[in-house]
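Structure first, commentary second.
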Amino acid sequence: MSAMEWNIPPEERKHLRDLAAKQAEYAALPVMSERKQMWYDLNDARPGARPPVIIETWTFDRDFMPASVFRCTSDVGRGVERQLLRNLRNHELIDDDKVIPDTFDIGWFVDIDESGVHIPIESVPDGQGVATGYRFLHPIGNLKEGLALLKPATCHVDRERTMAWKSFLEDLLDGALPVEIRTGPFGRGMLTHRVVELMGMEAFFVAMHESPDETHQLMAYLRDNCLRVMRWAEAEGLLRVNNGNQESFGSSYNFTTKLPTSRSDDSAAQLCDMWGCANSQETVGVSPAMFHESCFPYYRDACEPLGLLYYGCCEPVHSFWDDISQLPHLKKVSISRWCDQRFVGEALQGTGIVFSRKPDPNLLGVDVQLDEDGWAAHIRESLEAAPGVFMEFIVRDVYTVHGDLGKPRRAVELARREIDRHYKS
Numbered sequence: 059m060s061a062m063e064w065n066i067p068p069e070e071r072k073h074l075r076d077l078a079a080k081q082a083e084y085a086a087l088p089v090m091s092e093r094k095q096m097w098y099d100l101n102d103a104r105p106g107a108r109p110p111v112i113i114e115t116w117t118f119d120r121d122f123m124p125a126s127v128f129r130c131t132s133d134v135g136r137g138v139e140r141q142l143l144r145n146l147r148n149h150e151l152i153d154d155d156k157v158i159p160d161t162f163d164i165g166w167f168v169d170i171d172e173s174g175v176h177i178p179i180e181s182v183p184d185g186q187g188v189a190t191g192y193r194f195l196h197p198i199g200n201l202k203e204g205l206a207l208l209k210p211a212t213c214h215v216d217r218e219r220t221m222a223w224k225s226f227l228e229d230l231l232d233g234a235l236p237v238e239i240r241t242g243p244f245g246r247g248m249l250t251h252r253v254v255e256l257m258g259m260e261a262f263f264v265a266m267h268e269s270p271d272e273t274h275q276l277m278a279y280l281r282d283n284c285l286r287v288m289r290w291a292e293a294e295g296l297l298r299v300n301n302g303n304q305e306s307f308g309s310s311y312n313f314t315t316k317l318p319t320s321r322s323d324d325s326a327a328q329l330c331d332m333w334g335c336a337n338s339q340e341t342v343g344v345s346p347a348m349f350h351e352s353c354f355p356y357y358r359d360a361c362e363p364l365g366l367l368y369y370g371c372c373e374p375v376h377s378f379w380d381d382i383s384q385l386p387h388l389k390k391v392s393i394s395r396w397c398d399q400r401f402v403g404e405a406l407q408g409t410g411i412v413f414s415r416k417p418d419p420n421l422l423g424v425d426v427q428l429d430e431d432g433w434a435a436h437i438r439e440s441l442e443a444a445p446g447v448f449m450e451f452i453v454r455d456v457y458t459v460h461g462d463l464g465k466p467r468r469a470v471e472l473a474r475r476e477i478d479r480h481y482k483s
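Counting in our numbering, the sequence shown tops out at residue 483, every number present.
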């Protein structure tokens, strides 16, 4: 789409300005300042910091963002409307601890080819027509032969297009919300995810045993590519500090005073100023010794340039804690439903590292009615597993709430009730 195609009908422009003005109004509410302070207290490891509670909504957009909520019909208008409505509806319907942004955030127009190899994806719709299941069509069958296919990452930024888009949005929103360019560190810290895209999990597991030299070559290539992309973005001046109302990973917000707020030019940042993330969900089936040998050194190197690190997603981190605990700049660690909470809770005592709890999404998504007692007990279990440890609750991977948006709102209320009881006891 060229700048000439960024056309929005007059009636849609007014509607979008009204939505932006409403977002600015919500962002200025006193409760947003209170929530912002909650995140600062957590991430700065201030004694007594209370756990925030977040419900991630994009996975159940069939309920949260149905077609009926949109008024824009133009493609450009619908995209802007979606970004605004997601914030507005989050405050109105979920009322969790997300801080409603006082800006309209965009990213750079970039083109990054990580490997020079195309990886097709097949997806299938579920019973309601929502694309949910997918698979990669792996370009590498034999690792020894496939390594020759891989090329160093190539990167390009279109500054002119980015600035034209920013100017277009500033005119569209007419001062209701400032338009800001926001970026993370770019490079992908999910090295084994890239492996599975390229060759598949089973082939990767076999290669670790049968082709260890080539496995190390592949991991070194992915580490170097990750660092190449990160350092490219830094050298190009694309980085913007992300220590405010931005996510490090999975709706875990970054408010902290432990990283610089800006560089001397008040725009470009360095990698050491940035939050970043990494995980290795795909190695859940390997031994700690194999992870240490085949994966950890490359993750350690890929994370080294960052300022603060969020590690993990759905994998049970306790199995690999000896390595994960040695990752540079570790600040938050994901505690999924498969994790030994008490083990990690004990390990994090006195560290200032955040116990980023991911409650079981099935409790919200499977049954039509919320099991309130079961959900409350689930939250209590986490609070009791990690006493005195800095904690956050990030509910992810809920794929439907059966049309009842009162369920996630009630889940937030119950979680806050249990947090209140725990912190008063």
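By construction, the Cβ of each residue, glycine as well, lies at the ideal position given by its N, Cα and C atoms.
Simplified DSSP assignment, three categories, for residue 180: strand
CA-to-CA distance, residue 189 to residue 323, given in whole angstroms: For residue 323, the predicted model reports a pLDDT of 48, less than 50, meaning its position is unreliable; a value from the coordinates is still stated below. One C-alpha to the other measures close to 44 Å.
Those residues which DSSP pairs with residue 266 across a bridge: Partner(s): none; residue 266 has no beta bridge.
Three or more C-beta pairs below 8 Å linking the region 443-453 and the region 398-418: The region 443-453 makes contact with the region 398-418, as at least three CB pairs between them are under 8 Å.
Outcome for residue 435 when other beta-carbon atoms lying within 10 angstroms are tallied against a minimum of 16: exposed
Touching by the beta-carbon criterion (3+ pairs, under 8 Å), the region 327-344 and the region 361-369: yes
Residue 197 versus 153, 253, 97, 171, residue with shortest Cα-Cα distance: Closest in alpha carbon position to residue 197, among 153, 253, 97, 171, is 253.
Residue 135 versus 213, 87, 230, 381, residue with shortest Cα-Cα distance: For residue 135, the closest of 213, 87, 230, 381 by C-alpha to C-alpha distance is 230.
Where residue 128 falls, given that 16 or more other Cβ within 10 Å makes a residue buried: exposed
Cβ contact check for the region 233-253 and the region 294-306: 3 or more pairs under 8 Å: yes
N-terminal and C-terminal residue of the beta strand (DSSP E) that residue 333 is part of: From DSSP, the beta strand (DSSP E) with residue 333 extends over 333-336.
Helix, strand or coil at residue 244 [DSSP, three-state]: If DSSP states are grouped into helix, strand and coil, residue 244 belongs with coil.
Residue 178 versus 221, 234, 256, 205, residue with shortest Cα-Cα distance: 256
Reference residue 182, options 108, 192, 335, closest by Cα: 192
Cut-off 7 Å between Cβ atoms - residues of its own chain near residue 208, not counting five sequence neighbours on either side: 173, 174, 175, 279
First and last residue of the uninterrupted alpha helix (DSSP H) at residue 449: No alpha helix (DSSP H) holds residue 449; the beta strand (DSSP E) holding it covers 449-453.
Residue 204, buried or exposed, once every other Cβ within 10 Å from all chains shown has been counted against 16: Buried, because 16 or more other Cβ atoms sit within 10 Å of the Cβ of residue 204.
From 113, 147, 100, 114, residue whose alpha carbon lies closest to that of residue 84: Sorting 113, 147, 100, 114 by C-alpha distance to the C-alpha of residue 84 places 147 at the top.
Cβ pair count under 8 Å reaching 3, the region 65-81 against the region 269-278: no
Unbroken stretches of the alpha helix (DSSP H), 4 residues or longer, contained in the region 127-215: For the region 127-215, whole alpha helix (DSSP H) runs of length 4 or above, ordered along the chain, are 133-147, 201-204.
Residue(s) in a DSSP beta bridge with residue 305: 311
Complete beta strand (DSSP E) runs within the region 452-482 (minimum length 3 residues, chain order): none
Segment contact flag, the region 370-381 with the region 265-275, C-beta cutoff 8 Å, min 3 pairs: The region 370-381 vs the region 265-275: no contact.
Reduced DSSP secondary structure (H/G/I, E/B, other) of residue 323: Model confidence at residue 323 stands at a pLDDT of 48, short of 50, so the residue's coordinates are unreliable and nothing is read from them.
Bridge partner(s) assigned by DSSP for residue 108: Residue 108 pairs with nothing; no bridge assigned.
Bounding residues of the alpha helix (DSSP H) (the contiguous stretch that carries residue 297): Here residue 297 belongs to no alpha helix (DSSP H), and DSSP marks it neither H nor E.
Beta carbon of residue 441 nearer than 8 Å to that of residue 429: no
Where the alpha helix (DSSP H) containing residue 411 begins and where it ends: Careful: residue 411 lies outside any alpha helix (DSSP H) and carries neither H nor E.
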